[in-house]
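Asker:
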Amino acid sequence: MPVAVAIAMLVIGSVAFHLFSPWWRTPIASNWGSIDSALDVTLWICAAAFVGLNLFLAWALVKYRHRPEYRGLGYKAHYEPENPSLEKRLTLWTAIGIAGMLAPGLAAWGKYVSVPKDATVIEAVGQQWQWSFRYPGPDGVLGAAGVKFITPDNGLGLDPLDPYGRDDLVVEGGDLHLAVGKPVKIVLRSKDVLHDFYVPEFRAKMDMVPGIVTYFWLTPIRTGTFDILCAELCGTGHHAMRGKVVVDTPRAFAAWQAQQTSFNQILAEAPPAAMSILILKANACSTPTSWSIR
Amino acid sequence: MATTLADDLRPLHHPHSWVTKYVWSQDHKVIAIQYSCTAIGIGLVALVLSALMRLQLGFPGAFPAIQPDNYLQFVSMHGMIMVVYLLTALLLGGFGNYLIPLMIGARDMVFPFVNMLSYWFYLLSVIVLVAGFFVPGGPTGAGWTLYPPQAISEGTPGHQWGIVTMLVSLAIFVAAFTMGGLNYVTTVLQARTRGMTLMRMPLSVWGIFTASVMGLLAFPALFVAAIMMLFDHLAGTSFFMPTMQSMGAITPTQGGSPLLFQHLFWFFGHPEVYIVALPAFGIVSDLISVHARRNIFGYRMMVWAIVIIGALSFLVWAHHMYVSGMNPYFGFFFATSTLIIAIPTAIKVYNWLLTLWRGDIHLRVPMLFAIAFIFTFIHGGLSGLFLGNVSVDVPLSDTFFVVAHFHMVMGVSPILVIFGAIYHWYPKIFGRMWNDSLGKMHFWITFIGVYAIFLPMHYLGILGVPRRYYALGQADFIPPSVHLANEWISIAALIVFCAQGLFFYNMIWSLFRGPKADPNPWGAASLEWQTPDTPPAHGNWGPHLPTVYRWAYDYSVPGAPRDFIPQTEPREPEPRA
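Here the protein sequences line up with chains C and V, keeping their order.
What the first sequence shows, in our numbering, is residues 84 to 377, in sequence order.
What the second sequence shows, in our numbering, is residues 29 to 605, in sequence order.
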C-alpha cells in the first residue's frame, strides 16, 4: 500500500516539479524554434504515457494487493496467459504515439541538414582550450587551411599560397560576431582533439573533428551576447573552454568586421624570417615528397 | 555434453578439496558467486568514485584534493566499471551462471572448465583495470567512451599508461565474456532437461540467453577498437589519428579517422545497453509474476519482444552520434530505427503492468524493487525518446539530460532489478532468509533517493548544463539556483550511498544469523526452486534430472489446490509406462 501511494506521489511530484522548477530552456536566440516544438511534442506524448502508466501501476497495486482476509473466500489472481486483441490494440496505440513524435523530429532534422543557399560561411576552430574564428572576407570564400600550415604567426593554418585565403579575417581567441537575421553556415575544424561548438540559446551544436570539416547552420533572431561552451570532452581544461558570441545589428556587425585583421595584413606584419618558414611549410605541404623550394 | 544431460553424476568434476570446491571450482553456482562478489567489489569502487564526483559538483572548491584531472578520471572509471565490470559481469556472469542450469534443469554449464577460465580471466581484467589507479599518471580520464584522439593525446589525464591498462583490461574482459557467453548460449540450446522446450523457459533465461548472443556479436567490435587504439598509442599507427596537433606540436600521425572509433565503440556500446537491460527485463518479469501470483501476461509476446529488441539494437548505434560530425543524413535512418525499438519495449512495460492487473500482489521486498524498476524504467525509457528523436537530441546531447536519462534507464533500473533478484534468490543461494525490516528500509531510501538525484538532472540538462564539467564556472545562462540544485542532488546521492550499508549489513549478517529458509519460500513454479537440496548441491538434481511438464508461470490456475503448480508436476494423471 505505501508503495502505491509513493508511486502516485512521485507522479504528482514530477508534474509539480515540471511546472514549478525554475529550470527550463533558455530563451531561444536562433531560428531553431522547430527543435523546441519537436521537444514539446515529444514531452507531451511522453508525459501522458508517464502519468497514465504509473497511475495505472499505483491503482493496480491498491486494487489487487494481497488481502489475507480474502483467502478464505477463495480469491485467486486471474489466470489469463494472453490476450492477443488487447496486446494488438496497445501496440497500435504505441505506434501512433511514436509516429506522432517522430514526425516533427524528422521534419526539424530535415531543415537542420539543408543549409540555405544564401548562408554566409563562417569558420570556428577549436583547440585545447580556446576558440578561434575566420570570416571569408570580400571574396566570400574561405581559403584552404590545414594543421600542417600552422606557425606561430599563422595560428589557424591558412594556406599562404591560396589566393582565396588572403582576404580572410582571422579572429584568434576573440569573440565571434554574427549579424542578426542573416543565416550563417558555421564550418567547424579542430586543430587537436574533439570539441563541440555549443551555444545553449542557439539550440544547435556540432562536434569538431580533427581531420574533417563539419558544419551546421542557424539564423540568429535576436541581438545579445551568449556563452560558447565546449560540449565534447577535450581534456583537463574542457570545462574552462569558453567563448562569447555577440549577435549584432547588421550595421554594428559591419563596423566590427571592418576592424578585423585579414590574413594579408598578418603576412605583411610577420617578420621576414617567420615568413620564410611559413612559405617553406606551405611548399612542403603541397609537394610532400619533395623538399625543394620552387 | 553428457555431463549436463544425463542422470549419471560420475562425469561431473567433483571437488576433492577446499581449493577445488571454492577457488578453482567448476561448479556453476560457485563461479556465479565468485563472479558476483568480484563484480560487486569493483562496483563499490565505482560507487565511491561517484560520491567523490558528487562532492565536487555539489560543493565546488570545498575539496582541494579533487582537481580537474582527478575529476575526469573519476568520471571515466565510474562509467566503465559500472557498465562493463559491474552490470555486464553481474547479470551474465553472476545471474546467468547461477540461474541458467537451475532454471533449465541442467547439472552444470556444458563446458565447466571454460566456465571456470571465464571467471579467472574476468578477475584478471579487473586486476589490470585496478592497476590503472597505480600507474604513473593514474587511470584514463578520457570518459568511459574513450574517444580518440584525446584518449591518447596530451591534455587528457592518464593518456600515457592509464589508457593502456584500460584497453588491455577491456581486451581481457572480452576474452572472459566470450568464454562465458559461448557457455550460456550452448547450455541453453543443448542442455535443457526433458520437457523443457524453449517456449517453456522462464523469461530470465530468455533475457540472459539473448543478451549472451548479442554480447558475442557486439564485444568483438570493442575488442578490435581497443587493439587498434593500442596500436595507435604504442606502435605509431594512425587508425584513429588524423593529421593533428597536440599541445601546439604537430604529431607524426596522419589520415586516421576519429569517427571510425566512435562507430566501432557504439556498435558495441548500444547493444551493450540491451545486454544489460534484457537480463534485467527477464528477471523482473519473473519477480513480478511470482509475487503477484499471476502468470506473466503475454508470455509469447514477451519472448518475441526480447528477441526483436536484441536484433533491432544492432541497427541503432549511431543515435549516439547525431552531432558527432558523421554524415547528417544518417540521422533520418537512426532516429526511425531507434523509435521503432520503443514499440517492443513498451509492450514489455504493458505486460508487466497487466501481470499486476487482476493479480494477488504480495508486496515483499523483491517485489518492491520490481515495482520501483517499472517506475524508473518507464521514466528512463520515455526520456530516451527525446534523445532518439534526432533533432530533439541536438540541444540535449552532452548535457545533464543525457546523464539523467542513462542513469535512470541503465543505471538505476537494472540495479533495482539486481537488488530485487538478490533478495529473491538469496534464500535459495544460501539457504537463509534476510531481515525484512532492513530490506524495506534499504528499498525506501534507495528508491526515493535515486529519483531525487536524477529527476532534477533532466531539467538542468534542458537548461543546457553540460556534462563532464569539473566546475560550471560563470555562464550567463546558469542561474545561481543551479548550484543549489547541485548541492541537493549531492546530498541525496550521499544518503543513497550510505544506505547501501544497510544492504551489505543485511546480506552478511543473514549469511550467518538469518533464519533457515524454506526451499521455496515464495511459492514459485520455476525449476530452480524445486531442487532436492537448498542450497542446491553439486550436480543440482540428485540422482535423476527433473522432467518438465508445463511452463514456468502456472500461478493461480483455476481448480488447482495451491496457487502455483511447479513445472515438474505432471499435467494429467501420469500416463502408464
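Yeah, the Cβ is synthetic: ideal placement off N, Cα and C, and Gly gets one too.
Go ahead and pull the three-state DSSP assignment for Ala228 (chain C).
Answerer: Three-state result, Ala228 (chain C): strand.
Asker: Give me, in chain order, the residues of the same chain whose beta-carbon lies closer than 7 Å to that of Ala204 (chain V); leave out the 5 immediate sequence neighbours on both sides.
Answerer: Result list for Ala204 (chain V): Ser146, Phe149, Tyr150 and Ser153, in chain order.
Asker: Any C-beta of chain C sitting closer than 8 Å to the C-beta of Tyr327 (chain V)?
Answerer: By this cut-off, Tyr327 (chain V) is an interface position.
Asker: For Thr372 (chain C), which residues of its own chain have a beta-carbon under 6 Å away from its beta-carbon, when the five flanking residues on both sides are left out?
Answerer: Note that Thr372 (chain C) scores a pLDDT of 36, beneath 50, so its modelled location is shaky; the value from the coordinates is reported in the next line. Counting only Cβ-Cβ distances below 6 Å, and skipping sequence neighbours, we find nothing.
Asker: To the nearest angstrom, how far is the alpha carbon of Phe532 (chain V) from that of Gly135 (chain C)?
Answerer: For Phe532 (chain V) and Gly135 (chain C), the distance between alpha carbons rounds to 36 Å.
Asker: Any C-beta of chain C within less than 8 Å: which residues of the region 269-280 of chain V qualify?
Answerer: The region 269-280 of chain V vs chain C, Cβ under 8 Å: Pro270, Thr271, Met272, Gln273, Ser274, Met275 and Ile278.
Asker: What does Lys544 (chain V) pair with, by DSSP beta-bridge criteria?
Answerer: In DSSP, Lys544 (chain V) forms a bridge with V:Arg460.
Asker: So with Cβ pairs under 8 Å, would you call Met60 (chain C) a contact of chain V?
Answerer: This structure gives no information on residue 60 (chain C), because the portion of chain C shown stretches from 84 to 377.
Asker: Relative to chain V, which residues along the region 121-150 of chain C have a C-beta separation below 7 Å, given in chain order?
Answerer: Hits within the stretch, in order: Ala121, Leu122, Thr125, Cys129, Ala132, Phe133, Leu136, Asn137, Phe139, Leu140, Ala143, Leu144, Tyr147, Arg148 and His149.
Asker: Could one say the Cβ of Pro303 (chain C) lies closer than 8 Å to chain V's Cβ atoms, at least one of them?
Answerer: Cβ-Cβ to chain V under 8 Å: no for Pro303 (chain C).
Asker: Just verifying my parser: in three-state terms, what is the DSSP assignment at Cys317 (chain C)?
Answerer: Coil at Cys317 (chain C), not helix or strand.
Asker: Curious, which full-length beta strand (DSSP E) runs of at least 3 residues does the region 190-218 of chain C contain?
Answerer: Complete beta strand (DSSP E) runs here, min 3: 203-210 and 213-218.
Asker: Run through the DSSP bridge pairs and tell me what Trp294 (chain V) is partnered with.
Answerer: Bridge partners of Trp294 (chain V): none, in fact.
Asker: To which residues of the same chain is Ile399 (chain V) closer than 7 Å at the C-beta, ignoring the five residues directly before and after it?
Answerer: Hits under 7 Å: none found.
Asker: Kindly list, in the order they appear in chain C, the residues whose Cβ is closer than 8 Å to that of Asp426 (chain V).
Answerer: Result: Asp279, Tyr281, Lys288, Ala314 and Glu315.
Asker: Whose CA, out of V:Pro560, V:Trp569, V:Gly570 and V:Ala552, lies closest to the CA of Pro594 (chain V)?
Answerer: Per the Cα distances, V:Ala552.
Asker: Mind reading off the beta-carbon distance from Gly243 (chain V) to Ile303 (chain V)? Whole number of angstroms is fine, and I expect it under 8 Å.
Answerer: Going by Cβ atoms, the distance from Gly243 (chain V) to Ile303 (chain V) rounds to 5 Å, so yes, they are a contact pair.
Asker: Give the DSSP-derived three-state secondary structure of Gln62 (chain V) in the structure shown.
Answerer: It is helical.
Asker: Assuming Thr297 (chain C) is part of the beta strand (DSSP E), what are its boundary residues?
Answerer: Thr297 to Leu301 is the extent of the beta strand (DSSP E) around Thr297 (chain C).
Asker: When you compare the CB of Ala346 (chain V) with every CB in chain C, is at least one pair closer than 8 Å?
Answerer: It does not; no Cβ of chain C falls within 8 Å.
Asker: If we count the other Cβ atoms within 10 Å of its Cβ and call it buried at 16 or more, is Gln273 (chain V) buried or exposed?
Answerer: Gln273 (chain V) should be labelled buried.
Asker: Which residue from V:Thr596, V:Asp591 and V:Glu597 puts its Cα closest to that of His149 (chain C)?
Answerer: Comparing Cα-Cα distances from His149 (chain C) to each of V:Thr596, V:Asp591 and V:Glu597, the minimum goes to V:Asp591.
Asker: Can you tell me which of the three DSSP states Thr370 (chain C) falls into?
Answerer: The predicted model places Thr370 (chain C) with a pLDDT of 42, which falls under 50 and marks its position as unreliable, so this point remains unresolved.
Asker: Let's see if you can read the secondary structure: which residues bound the alpha helix (DSSP H) around Tyr281 (chain C)?
Answerer: Not the alpha helix (DSSP H): Tyr281 (chain C) falls in the beta strand (DSSP E), residues His278 to Tyr281.
Asker: On the criterion of 16 or more Cβ atoms from any shown chain inside 10 Å, does Leu599 (chain V) qualify as buried, or is it exposed?
Answerer: Note on identity: in this sequence residue 599 (chain V) is Arg, with Leu being the wrong assignment. Exposed: under 16 other Cβ atoms inside 10 Å.
Asker: What is the rounded straight-line gap between the Cα of Ile376 (chain C) and the Cα of Pro219 (chain C)?
Answerer: Bear in mind that a pLDDT of 27 at Ile376 (chain C), under 50, signals an unreliable position, so the number given afterwards is only what the model happens to contain. Using only the alpha carbons, I get a separation of about 29 Å.
Asker: From this set, V:Pro394, V:Phe505, V:Gly310 and V:Leu466, which residue's C-alpha is nearest Asn534 (chain V)'s C-alpha?
Answerer: Nearest of V:Pro394, V:Phe505, V:Gly310 and V:Leu466 to Asn534 (chain V), Cα basis: V:Leu466.
Asker: Determine the burial state of His572 (chain V): buried for a count of at least 16 other Cβ atoms within 10 Å of its Cβ, exposed for fewer.
Answerer: Under this definition His572 (chain V) is an exposed residue.
Asker: Would you mind reading off the limits of the beta strand (DSSP E) that contains Asp591 (chain V)?
Answerer: Here Asp591 (chain V) belongs to no beta strand (DSSP E), and DSSP marks it neither H nor E.
Asker: Check whether the region 244-262 of chain C and the region 167-182 of chain C touch, using three or more Cβ-Cβ pairs below 8 Å as the test.
Answerer: The region 244-262 of chain C vs the region 167-182 of chain C: no contact.
Asker: Can you tell me where the beta strand (DSSP E) holding Ile118 (chain C) begins and where it ends?
Answerer: Not the beta strand (DSSP E): Ile118 (chain C) falls in the alpha helix (DSSP H), residues Gly116 to Lys146.
Asker: Please list the partners that Pro66 (chain C) has in chain V, where partner means a Cβ-to-Cβ separation under 7 Å.
Answerer: Nothing in the structure corresponds to residue 66 (chain C), since chain C is present only between 84 and 377.
Asker: If we call anything under 8 Å between Cβ atoms a contact, is Thr125 (chain C) one with Pro283 (chain C)?
Answerer: No.
Asker: With distances taken between CB atoms, is the gap from Gly190 (chain V) to Gly171 (chain V) smaller than 8 Å?
Answerer: It is not a contact, given that the beta carbons lie outside the stated cut-off.
Asker: So which residues on chain C does Ala363 (chain V) lean against when the C-beta distance must stay under 8 Å?
Answerer: Residues of chain C passing the Cβ test: Leu185, Gly188, Leu189 and Trp192.
Asker: Taking the Cβ atom as the reference point for each residue, do Thr174 (chain C) and Ile371 (chain V) lie within a distance shorter than 8 Å?
Answerer: Taking 8 Å as the Cβ cut-off, Thr174 (chain C) and Ile371 (chain V) qualify as a contacting pair.
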